[in-house]
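According to this note's numbering, the sequence shown holds residues 21 to 787 in order.
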Amino acid sequence: MTTDEIGSRAARHGHTSTSTTTENTPSSGGKKPKKKRILLKIFLALVVLGILGLLAGFGLFWSYAKDAPKLDDEKLSATVSSKIYDANNEVFEELGSEKREMIKPTEVPQLLKDAVVSVEDKRFYKHSGVDPIRIIGSAFSNFKTGGLQGGSTLTQQLIKLSYFSTSEQDQNLKRKAQEAWLAIQLEKEKSKEEILTYYINKVYMANGFYGMETAAQNYYGKPLSELNLPQTALLAGMPQAPNDYDPYTKPELAKERRDVVLFTMKENNKITQQEYDEAKATPIDDGLQPLKQSNDNRRIVDNYLKEVINEVESMGKNIYTDGLDIYTNLDMAAQKHLYDIVNSDEYVQYPDADLQVASTVIDVKTGQVKAQIGGRNIPDDVQLGTNLANETDRDVGSTMKPIADYGPAIENLNYSTGRILMDQPTNYKGTNIAVNNADLQYYGALTMRKAIMYSRNTTAVQTFDAVGTDKSAEFLNNLGIEFKEMVPANSISSNTSEFDGNKYGVSSLKLAAAYATFGNMGVYNKPTYVNKIVYQDGSEDVIQPESKRAMKDSTAYMMNDMLKDVISGGTAFNAAADGLVQAGKTGTANYTEEDLAKIGASASSSIAPDSTFVGYTPNYAVSVWTGYKNRLTPISYEYWATASDIYREMMVYLSQGKMGDDWTMPDSVVRSGGELYVKGAFEDMLPSSSSYTAPTWESSSTMESSSTTTTQSETPPTQSSEVPAPTEEPEAPTTTDQNEISTPSSEASTPPSTPAAQNATVRKPSG
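What follows is the structure, encoded as structure tokens:
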């Protein structure tokens, strides 16, 4: 009997045995073919899905590729210029318009070919327009590092520059498919040398130049064929980010990029180790020539143009390669006048040629930047250089007081313009650090109006403490000004250790926009340079102003009313102009004891590192900063008001035909004599009696003897290391009209004899 028969009989009788189990093993093994069949089916299914996916991919690719534009020699050769228009729709700059020298394939130096191919596309001579190995490598690198390394070949880059937008947001699947298709077609029609030459002639090279031959002749004063290795490597590396690798404005980044090109050339055996070492050790400015201005207007609009470029690029557009028509808010006539004021002695006296000026003009009602100067006596060979009107960490001094102290006090605590404050010895809260006034004196009891008018530091610090850091910071943030961390010193100064570039600085631009909010009755407009962008296909983006109510109209009007007095008889009397209704504030920064020691000056020296003025009308706001590039070069006292002189000349020009424009008092404000009160808060404090005692001025000696005269509702604050709390409002009589109250003026009499009050004929007031 066979083994199978024995097993079968045993199974029928229900017997089991070891031998039976052993003989059943093949049936267990019989499951393996079944598993294999399942795996085979899965594999076949995946293959089918892969084929279907591949076919679908090819179908999608072709659906996109068939709509790709036709190859055109003119497109491949031409630069795509962007036109920049002023507010009158007149072109004032065209980037890329006929500013290049073309070379032929036979004229391209081998050294440049080696440099470009090494850094941009080392497999250029091996692929057919699209490089699968490069694509897979970049995809793996991006997955591994989380980066965005591109897989485009030089041919694809040329196609992109010639036909498509270079903005990241426009790099969708359809564009990528068409770019790849055209690259493959181009490789069939043109030789490698022709494609490389198209690229070399087309790329943007910073400073308004297109093509590497153009850059060579303008940067080095000679053709590509005469450049040495480090010069060639610099040009070869610029196209990826021309403004970042500009050797004139960003030499450190330019050198880093040049050295990357040199390294890739060494790795690709195009240069030796010795050549690499020698080239890397060469200074980045080796052989650089001074740049020539592209046109007569360029130096006048250069700072403004830089901000236009920055604003357009912040929208994800490339002004150099996208062929845009950009309509700006630039008032060219105003820009030229501001330039002339700053760069000549015709309007304002300057101490020397080195004093720097930054100024911004903003339309109060819209936030449009109408003019801007970011430096004085800028060399002709500097283009798109540092714009001090935006890029600064310098101190704007007492111009902080209305926006960090007094404005927030009206907004949050309903302070009136006649509120009594005490100009007396004061420390920063919680410290033993004394707060000094510029004249090292104290005036005693002052209305808030007079405290602002004479720019008293002690009252500003007291008011800041009463408002609180959080409320002050909130008020500033609503005006577009942010500090990384608010500190008590910000009550009278913008200069802290917490600056982080422009974000935490108070620039001329930010200051003008903040004060324009007062002039716009409390509505803040984010400042803008561009109002419309028109694309090559005719579509357009209209830039809508970003507006918000930053404060009550009562706060704005009351600040306007007090800041008028700063010009009519306070620290900025030299900014006054007959018939012009305007408001403003001075700001003079201080040196620390350490700074004075470095300069070799004493604490009583009348010198300052920064002097600022910001003023406005119902139509325009103009801010002006003055100082030296080296902060330790001081401005002497007689030139502290140069900033307000510049302001006056510019504002008078801007206000032709609008001299008498004034603000209308809103219903939210009531007037008592010469002072203003917030409606509602004013009625709540009205006494039943009509008796009223006006406050009186206190002299420094009176304050120090603690013999202070106050109104019947006030008591003098105690002098201590803590900041005294502001006293209560003076009593006011019963009203007979909701907007006007007939009463003796609550303004104090003339302050005691001080340099600011005594010498009203001095040309340069302090502030």
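Glycine residues also receive a C-beta, built at the ideal position from the N, C-alpha and C atoms. The structure presented is a predicted model; accordingly, all values stated were derived computationally and were not measured.
What does DSSP give as the partner residues of residue i in its beta bridges?
| i | result |
| --- | --- |
| GLY607 | THR632 |
| ARG569 | VAL543 |
| TRP201 | For TRP201, which the question treats as bridged, DSSP gives no partner whatsoever. |
| TYR640 | ASP383 |
| GLN376 | GLY647 |
| TYR105 | VAL111, TYR347 |
| ASP687 | According to DSSP, which records beta bridges pairwise, ASP687 is partnered with nothing at all. |
| GLY464 | ASP443 |
| GLU560 | VAL554 |
| ALA391 | VAL381 |
| GLU613 | DSSP lists no partner for GLU613. |
| SER182 | Bridge partners of SER182: none, in fact. |
| GLU272 | Partner(s): none; GLU272 has no beta bridge. |
| LEU696 | ARG691 |
| THR548 | GLN388 |
For residue i and residue j, which I take to be in contact (beta-carbon distance under 8 Å), what is that distance rounded to the nearest angstrom?
| i | j | result |
| --- | --- | --- |
| ILE430 | VAL698 | 7 Å |
| ALA792 | TYR265 | With the chain represented from 21 up to 787, any question about residue 792 goes unanswered, as that position is not in the structure. |
| THR646 | SER631 | 5 Å |
| LYS470 | PRO428 | So it is not a contact: roughly 19 Å between Cβ atoms. |
| GLN444 | TYR426 | That pair is no contact at about 18 Å. |
| MET352 | PHE144 | The Cβ separation is near 46 Å, so there is no contact. |
| GLU140 | THR234 | Between THR234 and GLU140 the Cβ distance is about 19 Å, and since that is not below 8 Å, they are no contact. |
Taking 9 Å as the cut-off, decide whether the C-beta atoms of residue i and residue j are in contact.
| i | j | result |
| --- | --- | --- |
| LEU311 | TYR239 | yes |
| VAL526 | MET420 | yes |
| THR467 | ILE440 | yes |
| VAL550 | TYR224 | no |
| PRO271 | ILE304 | yes |
| LEU115 | LEU178 | no |
| ILE104 | MET335 | no |
| ASP342 | GLN556 | yes |
| ASP415 | SER513 | yes |
| LEU282 | PRO129 | no |
| PRO371 | TYR659 | yes |
| VAL384 | ALA609 | no |
| SER675 | ALA597 | yes |
| THR284 | LYS142 | yes |
| LYS290 | ASP134 | yes |
| MET578 | THR437 | yes |
| LEU308 | ARG277 | no |
What does a CB cutoff of less than 8 Å around residue i pick up in its chain, not counting 5 residues either side in sequence?
| i | result |
| --- | --- |
| LYS546 | GLY387, GLY500, ALA533, PRO565, GLU566, SER567 |
| GLU14 | Any question about residue 14 goes unanswered here, given that the chain covers just 21 to 787. |
| GLY604 | TYR535, LEU583, VAL586, ILE587, ALA592, ALA595, PHE633, VAL634, GLY635, TYR636, SER664, TYR667 |
| LEU580 | According to the sequence as given, residue 580 is Asn; it is not Leu. If we look at ASN580 and ignore the five residues flanking it on each side, its Cβ neighbours are PHE538, GLY539, ALA603, TRP683. |
| LEU616 | SER622, ALA623, SER625 |
| ILE215 | LEU174, THR175, LEU178, LEU206, GLU207 |
| GLU327 | VAL389, GLN392, ASN407, ASN410, TYR549 |
| TRP649 | A quick correction: the sequence has Lys, not Trp, at residue 649. These residues qualify, in order along the chain: ASP374, GLN376. |
Enumerate in chain order the residues of its own chain whose CB-to-CB distance from residue i is below 7 Å, with the five nearest sequence positions on each side excluded.
| i | result |
| --- | --- |
| LEU358 | SER379, VAL381, ALA391, ILE393, MET670 |
| ASN510 | MET420, ALA424, PHE503, THR516 |
| TYR435 | ALA429, MET468 |
| LYS572 | GLU431, GLY542, SER688 |
| GLY531 | Rather than Gly, the amino acid found at residue 531 in this sequence is Leu. Contacts found: VAL416, THR419, VAL634, SER643. |
| SER148 | ILE204, GLU207 |
| THR99 | GLY116, ARG120, LYS222, TYR230 |
Output needed for residue i: all residues of its chain with C-beta closer than 6 Å, excluding positions within five of it in sequence on either side, in chain order.
| i | result |
| --- | --- |
| VAL644 | SER379, PHE633, ALA663, ILE666, TYR667 |
| THR735 | Interpretation of THR735 is limited by its pLDDT of 28, a score under 50 that renders its predicted location unreliable; no figure is taken from the coordinates. |
| LYS222 | LEU181 |
| GLY680 | none |
| THR478 | ASP443, THR446, VAL455 |
| LEU344 | SER102, ILE553 |
| THR41 | Here THR41 scores only 43 on pLDDT, less than 50, and its place in the model should not be relied on; the value that follows carries that caveat. None. |
| THR217 | PRO125, VAL128 |
| GLY607 | VAL416, GLY417, SER418, THR419, THR632 |
| SER574 | SER688, VAL689, VAL698 |
Inter-stretch contact (C-beta, 8 Å, three-pair minimum) for the region 496-505 and the region 384-393: Contact annotation: the region 496-505 does not touch the region 384-393, with fewer than three C-beta pairs closer than 8 Å.
I'd like to know if the region 317-330 and the region 291-305 are in contact, where contact means that at least 3 CB-CB pairs between them fall below 8 Å. Result no; under three Cβ-Cβ pairs closer than 8 Å.
Are the region 403-411 and the region 686-693 touching, with three or more C-beta to C-beta distances below 8 Å? Too few Cβ pairs lie closer than 8 Å, so no.
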